[in-house]
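Engineer: Residue numbers (my numbering), protein chains in the order written: chain A, 21 to 501; chain B, -14 to 410. Have a look at this one.
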């Protein structure tokens, strides 16, 4: 054990003397701190703004004067996507998704105002987020620190001296790995601090935060083992470095992009405009709720009359026009929800295709693990979209029910032409309190943790593979010794 | 010339170099193929949607019984077709919407709707040719040239080779030329083939090639500056890796952070909210007030018959337009902020070659922020045309005539956004 510690200490001394290592590692630490602070400020601000926006639009809705309930259906409501607290660690798709949706009757709108559209071409370079630094930059720094660790000793001939001092190959590798691990842990400290800081206000996020850090450790651990394995098998420092850099390029830079391209090509998702056009005929066949005389509602009319045992819609105890609005909304929502569900399923299928590439790139697996556990992945975004649609349907139908129950049919039918009838169709503003609170809480921490199991296992697989490589490298060293 | 041929032969005898060049050829070809496939898919989708849009509008207008109702249901598809060169640089095309159906209602309530692709794929990014040139070319150049001198030193041949200064020039110049020429061949040959196949105008193709050559030459100069230092190959390689990371990723990301903090764009949420309030308040305001305000914008309709009933389409479209007018300043400020951020990001090109290349290529390809702002402007212009089509029918109380619905204007895509010179590196 003592030998292991001595070797680790010697490695640390070597790094302190190397200008390149001190500068790059120092820069990594600085960047980590900066990114954590900036992410915390940014996500905190976004959360506050969107929560305030949500509260404000609700007040707007409640403050509307007495009017026809269907006017409120068209007045509509806005919902805002609030990033989860742990988005500080991994912003995920946040910048690439709309921040708010306008909810109204008859239509499903898209999420608007995505940050990526407002931030110039630089948005495509990524984010200086803690997640990016751990996924992309930290491995590179570990490579620069560790590529020479064993091969350097071989090149200078000190390896033989170590063997003659009775050092065993595994001790040498454990010492070097220990030094690299210490560096990795130091680099992760700001991330851990940010996670702890977030937990102050959101204690139930402990499990996802722990999974994030575990995934980071597995990932960097795999890199450390890989770097050491390559370094101990290489005959020259240059070979070790160029091999590792090529590996980094593939794993971090190229494979994720190929994954996106392959996913895009293998599952076509026509998009909202195409769906809107395809839904047109079905929506017309379903009937327009504004037009109770439409043949599309003939069957519905007969059913309603039979249910109430009356012979004409005028004789109904409720406002028939409101009933038709409800029926029209039910049918149109069903059609549009069908298209939306297929679209979301298509996107989810694309994501699954991309995730198969985790077998080629642990960086993808890490991103998947952290996005899933903090709740900034595609599924979390889809959850928001589905919640928004449920919210829309709920308040629109509540207003339509008022339309049916609180309004007189004759007044309602005449309101466009008769000013006094129109006055009587305005109902008290107190009714607008029917607007439910929008609850778009992310999936429960335990559920997210469970969803993150698969990528964490993939990362564990990568670490195991890297450990096996390292063991083989140790055996090879042993034969040489 | 003979020296160059000798170096070329030498180069092609090294298995490592051959593998690298093969990889370059493979990435360049793949990226172009993927880009072309994506653009063909967008092209095909667009062709289908244009036809579907026409059919859908005809069907939607079948039951219209007055102009106002027809205008309400007459959505028209607007689009930004993929420009010829888009396969080189996909740019904003997978994040900025390029399809939108609009109608004569308030545009500010429609224009931010965004039919956007899968965000998780957008997050991963694309392996397009622009990416290969901006991010991978530096690494290819470094891989080929960083150990130019160190290799010879390692083999103990350096002293011999450099006996005289003239000998040095005779050695390095053809060797570097051979390496760069083969690299450029592997990068440019697939592009030339793709450009010929996809009928890219020669001028544009030449501009792309110029950017590729400039990027390669620029990085070659930088790498050689280090290659001639008395360092060993591993040290040069690690320094190059750090420089690559700094120039291509860290500096642009710092710049992005700074730009986002300096130009705080007007909140889109604010535009949407204010527009809705303006449109909805109209229902509670006396109709004469709304109409007077509308006639201030459109005096040509002031003399038409006044609105008498609680609901009239004239009044409806009047307040819709006033909703747009109410947020015109906010909306303009929002676009100005986006443009300002884009302009500021141009300065980043001075310190980051990757930004310079991406900007130049997306500008050439018509897939940059300017192009999406251009599409935004075209939607706005088309919406005005749409209103101008309906207004005379509504305000002059023209008797409803179904056959005139065929005259609803169709959106005509302009070729590419205003041609601009490629940004300088």
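Beta carbons are placed, not taken as given, at the ideal position from N, Cα and C, and that holds for glycine. Keep in mind the model is a prediction, meaning the values are calculated, not measured.
Measuring alpha carbon to alpha carbon, tell me which residue in B:371, B:25, B:348 is nearest residue 179 of chain B.
Structural biologist: B:25
Engineer: Throw me the rounded Cβ distance for the residue 364 of chain B and residue 87 of chain B pair, which I believe falls under 8 Å.
Structural biologist: Indeed they touch by this definition, with Cβ atoms about 6 Å apart.
Engineer: Give the C-beta separation of residue 33 of chain A and residue 168 of chain A to the nearest angstrom, bearing in mind that I take them to be a contact with Cβ-Cβ under 8 Å.
Structural biologist: Separation of the CB atoms of residue 33 of chain A and residue 168 of chain A is rounded to 14 Å, and the pair is thereby denied contact status at 8 Å.
Engineer: Of all the options B:52, B:305, B:63, which has the alpha carbon lying nearest to the alpha carbon of residue 32 of chain B?
Structural biologist: For residue 32 of chain B, the nearest C-alpha among the options comes from B:63.
Engineer: What do you get for residue 83 of chain B, buried or exposed, if any count of 16 or more other CB atoms within 10 angstroms of its CB means buried?
Structural biologist: buried
Engineer: Restricting to runs no shorter than 3 residues, where is the beta strand (DSSP E) found entirely within the region 73 to 124 of chain A?
Structural biologist: 97 to 100, 120 to 123
Engineer: Check for me: the beta strand (DSSP E) holding residue 62 of chain B runs from which residue to which?
Structural biologist: 61 to 64
Engineer: In this structure, how does DSSP classify residue 352 of chain B when only helix, strand and coil are distinguished?
Structural biologist: coil
Engineer: Residue 446 of chain A to residue 137 of chain A, Cα distance in whole Å?
Structural biologist: Whole-angstrom Cα-Cα distance: 41 Å.
Engineer: From the DSSP output, which residues share a beta bridge with residue 121 of chain B?
Structural biologist: Per DSSP, none; premise fails for residue 121 of chain B.
Engineer: Given residue 260 of chain A, which residues of its chain have a CB within under 6 Å of its CB, disregarding the five upstream and five downstream residues?
Structural biologist: 167, 171, 250, 251, 254
Engineer: Taking the alpha carbon of residue 456 of chain A as the point to measure from, which residue in A:140, A:74, A:66, A:314 has its own alpha carbon closest?
Structural biologist: A:74
Engineer: Let me know the secondary structure DSSP gives residue 338 of chain A once reduced to three states.
Structural biologist: coil
Engineer: Confirm, please, whether the CB-CB distance from residue 330 of chain B to residue 244 of chain B is below 8 Å.
Structural biologist: For the pair residue 244 of chain B and residue 330 of chain B, the CB atoms are nearer than the 8 Å cut-off.
Engineer: With a cut-off of 8 Å, does the C-beta of residue 145 of chain A fall near any C-beta of chain B?
Structural biologist: For residue 145 of chain A, a Cβ of chain B is located within less than 8 Å of the residue's own Cβ.
Engineer: Give the list of continuous alpha helix (DSSP H) stretches no shorter than 4 residues that lie fully inside the region 437 to 480 of chain A.
Structural biologist: 439 to 444, 465 to 471
Engineer: Work out the CA separation of residue 319 of chain A and residue 343 of chain B for me, nearest whole Å.
Structural biologist: 59 Å
Engineer: Any idea if residue 371 of chain B is buried or exposed, counting beta-carbon neighbours within 10 angstroms, 16 or more meaning buried?
Structural biologist: Answer is buried; the Cβ neighbour count reaches 16.
Engineer: In or out: residue 394 of chain B buried (at least 16 other Cβ within 10 Å) or exposed?
Structural biologist: exposed
Engineer: Taking C-beta to C-beta, are residue 375 of chain B and residue 301 of chain B nearer than 8 Å?
Structural biologist: no
Engineer: Interface residues of chain B around residue 274 of chain A at Cβ under 9 Å?
Structural biologist: By Cβ distance, chain B contributes 12, 112, 121.
Engineer: Measure the alpha-carbon distance for residue 123 of chain A versus residue 308 of chain A and round it to whole angstroms.
Structural biologist: 18 Å
Engineer: In chain order, what residues of the same chain have a beta carbon less than 7 Å from the beta carbon of residue 360 of chain B, not counting five sequence neighbours either side?
Structural biologist: Contacts found: 65, 83.
Engineer: In chain B, which residues lie with their C-beta within 8 Å of the C-beta of residue 428 of chain A?
Structural biologist: In chain order: nothing, as chain B lies at least about 16 Å away.
Engineer: Is the shortest distance between the beta-carbon of residue 296 of chain B and the beta-carbons of chain A less than 8 Å?
Structural biologist: yes
Engineer: With C-beta atoms as the reference, is residue 102 of chain A less than 8 Å away from residue 76 of chain A?
Structural biologist: Going by C-beta atoms, residue 102 of chain A is not nearer than 8 Å to residue 76 of chain A.
Engineer: Please check if any C-beta of chain A sits within less than 8 Å of the C-beta of residue 268 of chain B.
Structural biologist: yes
Engineer: If contact is defined by three or more beta carbon pairs under 8 Å, each pair taking one atom from either stretch, is the region 28 to 48 of chain B in contact with the region 310 to 329 of chain B?
Structural biologist: no
Engineer: Using 8 Å as the limit for Cβ to Cβ distance, is residue 339 of chain A near chain B?
Structural biologist: Not closer than 8 Å to any Cβ of chain B, the Cβ of residue 339 of chain A fails to qualify, so no.
Engineer: Flag residue 218 of chain B as yes if its beta-carbon sits less than 8 Å from any beta-carbon of chain A, otherwise no.
Structural biologist: yes
Engineer: Listed in chain order, which residues of the region 235 to 246 of chain B have Cβ atoms closer than 8 Å to some Cβ of chain A?
Structural biologist: 235, 237, 238, 239, 240, 241, 242, 244, 245
Engineer: Restricting to Cα atoms, I'd like to know which of A:321, A:290, A:394 is closest to residue 361 of chain A.
Structural biologist: A:290
Engineer: Using three-state DSSP, classify residue 315 of chain B as helix, strand or coil.
Structural biologist: helix
Engineer: Using 10 angstroms around the beta-carbon of residue 181 of chain A, count the other beta-carbons present and answer buried if the total reaches 16, otherwise exposed.
Structural biologist: With fewer than 16 neighbouring CB atoms inside 10 Å of its own CB, residue 181 of chain A falls in the exposed class.
Engineer: Please name the residue, chosen from A:59, A:391, A:386, that lies closest to residue 481 of chain A on a Cα-to-Cα basis.
Structural biologist: A:386
Engineer: Here's a check: name, in chain order, each residue in its chain whose Cβ is nearer than 8 Å to the Cβ of residue 161 of chain B, leaving out the five neighbours to either side.
Structural biologist: 130, 133, 205, 209
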